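Structure, as structure tokens:
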Amino acid sequence: KKDVLFPEYIKKEGEVIMVKDNEIKMTLEVMPKHKFVYLEKEGVDNYIDFWEQLEKEGKDCDLLHGVLASIPGVFKEGYGAFTEEGYIFGKDVEVNCEVNPDYNFLEKIIPEQKYLRFEHPGFTESEFGEALRQVRRIALKDFDMEIDNYQVDESFVKAYEHSGMELLYYFIRIPLK
1 KKDVLFPEYI KKEGEVIMVK DNEIKMTLEV MPKHKFVYLE KEGVDNYIDF WEQLEKEGKD
61 CDLLHGVLAS IPGVFKEGYG AFTEEGYIFG KDVEVNCEVN PDYNFLEKII PEQKYLRFEH
121 PGFTESEFGE ALRQVRRIAL KDFDMEIDNY QVDESFVKAY EHSGMELLYY FIRIPLK
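My numbering applies: residue 1 is where the sequence shown begins, and numbers increase by one.
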């Protein structure tokens with residue numbers, strides 16, 4: 001069941017567009033032009049497998065994760081994204097940010113873009129797995145993008161996923177054309 005809240009008035013950035021499953025809220029947000037600094041791994045589709053594969057290749061995952069976390073960015077922490085080929089993990093930074101090339105991070109300039117953001121309002125640590133599954137199901141499977149003529153832009157990623165165990169949050173951002 002979808003509960004639409006005044007759809008003709010709620011298309012403003014940051015306002016709740018829809019609440020599903022009594023918890024997940026959906027908002028529209030705009031990210032300014034920025035650089036995405038990241039690592040990528042083909043053939044994996046989640047955060048855990050991503051880092052395990054890098055570790056098997058002899059990469060110092062704690063160092064790489066720490067370097068990304070130390071770079072000032074739009075979000076405090078790094079985050080992952082689903083692509084056609086696999087999974088990437090990175091961080092948004094200012095366009096003119098220079099990153100040490102020794103770490104072999106990839107970089108992509110992302111133009112200003114709109115996103116649909118599906119967010120769980122909060123949960124306990126023991127509920128993390130269920131919250132993650134709920135947001136993924138709603139954002140990536142159940143939500144009908146054609147309701148408001150949303151067009152997904154999968155030219156770089158299918159969706160970004162953000163989580164934090166310290167603050168117990170999880171949300172997915174889907175890029176729009």
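We treat Cβ as the ideally placed atom computed from N, Cα and C, and that holds for glycine.
Everything numeric in this text was worked out from a predicted model, so none of it was measured.
Quick one: measure Cβ to Cβ for residue i and residue j, integer angstroms, because I've assumed they're closer than 8 Å.
i	j	result
residue 92	residue 73	5 Å
residue 164	residue 40	Residue 164 to residue 40, Cβ: 22 Å. No contact.
residue 71	residue 37	7 Å
residue 85	residue 42	5 Å
residue 178	residue 176	Absent from the structure is residue 178, since the part of the chain shown begins at 1 and ends at 177.
Please report the straight-line C-alpha distance between residue i and residue j, rounded to a whole angstrom.
i	j	result
residue 17	residue 27	A caution first: residue 17 carries a pLDDT of 43, below 50, which makes its placement in the model unreliable, though a value can still be read off. The alpha-carbon atoms of residue 17 and residue 27 are separated by roughly 5 Å.
residue 104	residue 61	13 Å
residue 34	residue 95	5 Å
residue 170	residue 132	6 Å
residue 67	residue 118	28 Å
Would you decide whether residue i is buried or exposed? Buried here means 16 or more other CB atoms lie within 10 Å of its CB.
i	result
residue 173	buried
residue 69	exposed
Shorter than 7 Å from the beta carbon of residue i to some beta carbon of chain C?
i	result
residue 110	No chain C appears in the structure shown, which is made up of a single protein chain.
> Of all the alpha helix (DSSP H) runs that stay within the bounds of the stretch 100-147, which reach a length of 4 or more residues?
Replying inline: 128-136
> Using 8 Å as the threshold, is the stretch 128-148 in touch with the stretch 97-110, meaning 3 or more CB pairs across them?
Replying inline: no
> In chain order, which continuous runs of the beta strand (DSSP E) of length 3 or greater are located wholly inside the stretch 40-85?
Replying inline: 79-82
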